[in-house]
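Chains A and B are the protein sequences, given in the same order.
Taking the numbering used here, the leading residue of the first sequence gets 1, the next gets one more, and so forth.
Taking the numbering used here, the leading residue of the second sequence gets 1, the next gets one more, and so forth.
To start, the structure itself, in structure tokens.
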Amino acid sequence: MAQLEVERVSVAFDGVQVLDDVSLTVASGHIACLLGPSGCGKTTLFHVVAGLSLPDAGHVVLDGREITGEPGQLAYMLQKDLLLPEKTIADNVALPLVLRGVPREQARPRALELFDTFGLAGTADRWPSELSGGMRQRAALLRSYLFSQEFMLLDEPFSALDAFTKADMHAWFLDVAERFGTTALVVTHDVDEALELADEIFVMRGAPQAGDPTRIVGTERISCPRAERSGFSLTEEFLEHKRRVLALLG
Amino acid sequence: MSTRRSETSAPALQKLAAPVTVVALVAIWQLVCSVGIVPSFLLPSPVAVVQALIGDWQLLAGHAATSLAEAALGLAAGIALGFAAAVAMDRFELVYRAFYPLVVLTQTIPTVAIAPLLVLWFGYGMLPKVVLIVVATFFPITVGLLDGFRSVDPDVIDLMRSMGASRTQVMRHAKLPASLGHFFSGLKISAAYAIVGAVIAEWLGGFSGLGVYMTRVCSAYAFDKMFAVIILISALSLVLMWAVGALRRRLMPWERSGD
Chain A
1 MAQLEVERVS
11 VAFDGVQVLD
21 DVSLTVASGH
31 IACLLGPSGC
41 GKTTLFHVVA
51 GLSLPDAGHV
61 VLDGREITGE
71 PGQLAYMLQK
81 DLLLPEKTIA
91 DNVALPLVLR
101 GVPREQARPR
111 ALELFDTFGL
121 AGTADRWPSE
131 LSGGMRQRAA
141 LLRSYLFSQE
151 FMLLDEPFSA
161 LDAFTKADMH
171 AWFLDVAERF
181 GTTALVVTHD
191 VDEALELADE
201 IFVMRGAPQA
211 GDPTRIVGTE
221 RISCPRAERS
231 GFSLTEEFLE
241 HKRRVLALLG
Chain B
1 MSTRRSETSA
11 PALQKLAAPV
21 TVVALVAIWQ
31 LVCSVGIVPS
41 FLLPSPVAVV
51 QALIGDWQLL
61 AGHAATSLAE
71 AALGLAAGIA
81 LGFAAAVAMD
91 RFELVYRAFY
101 PLVVLTQTIP
111 TVAIAPLLVL
121 WFGYGMLPKV
131 VLIVVATFFP
141 ITVGLLDGFR
151 SVDPDVIDLM
161 RSMGASRTQV
171 MRHAKLPASL
181 GHFFSGLKIS
191 AAYAIVGAVI
201 AEWLGGFSGL
211 GVYMTRVCSA
221 YAFDKMFAVI
231 ILISALSLVL
241 MWAVGALRRR
251 LMPWERSGD
């Protein structure tokens, strides 16, 4: 269980103000989505939260502890699965444990225990090139999970998948998150995806390249509990949320 | 039925194309010699060459052992040096800037031109041969490894850093495996260079080795033995390149997964 706070983060690159005073809180056990147009600086914020780059101002706090600029605190997953092509799925998934110093012979069984739950049964000794995009994303998510069960940062994790696989993955992700009580911050530019996954949506708006730094312009809390999301997208309630979010996006 | 037959016979024909060509050329060569179009002291017949190869077999084996030892030592040292250079250049941008042009420069040095110098400096023993092979082989290995290190997706490195990986761990788990393909391509070229390099260095002085044997039979106008040793050198290079290929398939099982 973990609570993430991003406090008044500002970032500039080469004189271009990308993020201006961005604050958000993800409560323990919640899934929050960060929604904004492409190129608005979502990934920049992500790098700051992951500790891969330092903000010009502001802090990142996990469970009351400042982790600004400290990589290795949160699990991190991108649109690309980034599985190493030279390792089998089991070794790829066990990598975070191995990096932490767990011997490979102990790391593999710990990873394999979760293969069924993550829908990866039978893939342990396959190479990444032999798996479909959806399966590879599952493996990547299990790898992130093994790195940190507490908090996951997902940067457009499902956007490279086709619509059918994506719908499957959403249901599967909600199931896994429910089972493990995962807290997650998911970046997306897909309004429907945000509405299907999130407890709350932080809407970002701005065009840094045009001199308009990105801010958070509003937060939408989704009334429907995550457990009841199947078929949610067909309800009037969904459309109301969507209207408000679209209005915030402008 | 007919489509199935063409499917099976076409690849067989493709496979046979090269051996058939070689056999045909050798047959023409033999014919030219037997009929007497070219005098036998200028161009020995294939049969004479094979006889020379068999007749001098023990002598050739001894010389081949020397050349192979030089090639192996030079290649091993070249790999070690190339590896160290690539890792240092990958780790420190300044080292890369300072030494990469030099590495390229060593490749423009004609091997034949520095061989006499090396013999003068290091004598008639194995050392000048090994040094020559190192100079010739370490470039393809260094460049291959460097290209491989740089082929890793920067996002993979970010991801590993976000998991708290050290530089050594990034090297071991991502960069090194990613560079194996490039490394083996470089090694294949280097393996061929190594044998040729040993022979060239032996031409210029030495006590044994295929190059030494070559200069002796050449000055004796024993062209059949000359051809025999050329064939042996080609065969050794081929075997070495094949061994590199076999090692590659063994160490890179993920490459086979596609088929």
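Even for Gly, the Cβ is constructed at its ideal location relative to N, Cα and C.
Since the structure is predicted, the reported quantities are computational estimates derived from the model, not experimental observations.
- Taking each of G41(A), W172(A), E240(A), T182(A) in turn and checking the Cα distance to H189(A), the smallest one comes out for G41(A).
- Y145(A) sits away from S162(B), with the two beta carbons spaced by 8 Å or more.
- Excluding five sequence positions before and after K225(B), the CB atoms of its chain that fall closer than 7 Å to its own CB belong to A52, D56, V217, given in chain order.
- The DSSP assignment places 133-147, 163-180, 191-197 as complete runs of the alpha helix (DSSP H) inside the segment 127-207 of chain A, in order along the chain (cut-off: 4 residues).
- In the structure shown, I114(B) falls within a helical segment according to DSSP collapsed to helix, strand and coil.
- Judged by pairs of C-beta atoms under 8 Å, the segment 75-92 of chain A does not touch the segment 59-66 of chain A, as fewer than three such pairs exist.
- Look at the beta carbons and you see the segment 142-156 of chain B touching the segment 165-180 of chain B: at least three pairs across the two are nearer than 8 Å.
- Contact annotation for V87(B) against chain A: no contact, minimum CB-CB distance about 18 Å [criterion: below 7 Å].
- Listed along chain B are D153, D155, V156, L159, each with a C-beta nearer than 7 Å to that of L82(A).
- Residue range 223-251 is occupied by the alpha helix (DSSP H) that includes R250(B).
- For T215(B), same chain residues with a beta-carbon under 6 Å away, outside a window of 5 residues either side, are W203 in chain order.
- The beta carbon of K166(A) sits closer than 7 Å to those of F158, all from its chain and outside the five residues before and after it, given in chain order.
- Not flagged as an interface residue toward chain B: S10(A), since no C-beta distance is shorter than 8 Å.
- A check of alpha carbon separations from L52(A) across S38(A), E70(A), G39(A), L35(A) identifies E70(A) as the nearest.
- The three-state reading of DSSP puts R221(A) in strand, counting E and B together.
- Restricted to the segment 1-54 of chain B, not a single beta strand (DSSP E) segment is unbroken, complete and at least 3 residues in length.
- When Cβ-Cβ separations below 8 Å define contact, F158(A) makes no contact with chain B.
- M163(B) reaches chain A at G72, P96, L99, F147, counting residues in chain order whose Cβ is nearer than 7 Å.
- Not a single CB atom of chain A sits nearer than 8 Å to the CB of H63(B).
- For D20(A), the closest alpha carbon among the candidates F13(A), D14(A), V9(A) is that of V9(A).
- Among the bridge pairs identified by DSSP, V60(A) is matched with V6(A).
- For T25(A), the uninterrupted beta strand (DSSP E) run begins and ends at 16-26, by DSSP.
- The way I'd put it, the segment 192-209 of chain B doesn't touch the segment 41-52 of chain B; fewer than three beta-carbon pairs between them come closer than 8 Å.
- In its chain, beyond the 5 residues on either side, Q30, C33 have a beta carbon closer than 6 Å to the beta carbon of S45(B).
- Of all residues in the segment 47-61 of chain A, those with a C-beta nearer than 9 Å to a C-beta of chain B are H47, A50, G51, L52, reading in chain order.
- When the beta-carbon positions are compared, L174(A) and F238(A) stay at least 8 Å from each other.
- Of F227(B), L159(B), A115(B), V87(B), the smallest CA-CA separation from I141(B) is found for V87(B).
- DSSP places M77(A) in the uninterrupted beta strand (DSSP E) bounded by 75-77.
- In the same chain as F147(A), and ignoring 5 residues on each side of it, the C-beta atoms closer than 7 Å to its own belong to A75, P96, in chain order.
- With a threshold of 8 Å between beta carbons, H173(B) makes contact with chain A.
- As a beta-bridge residue in DSSP terms, E66(A) pairs with V61(A).
- Contact check for G36(A) against R205(A) passes: the beta carbons are separated by less than 8 Å.
- Only exposed fits G122(A), as fewer than 16 other CB atoms lie within 10 angstroms of its CB.
- Checking the DSSP bridge columns, you'll see T214(A) partnered with L19(A).
- In this structure, A136(B) is the residue among I231(B), P154(B), A136(B), Y221(B) with its C-alpha nearest to the C-alpha of A76(B).
- Residue contact check for L131(A) against chain B: no CB pair falls below 8 Å.
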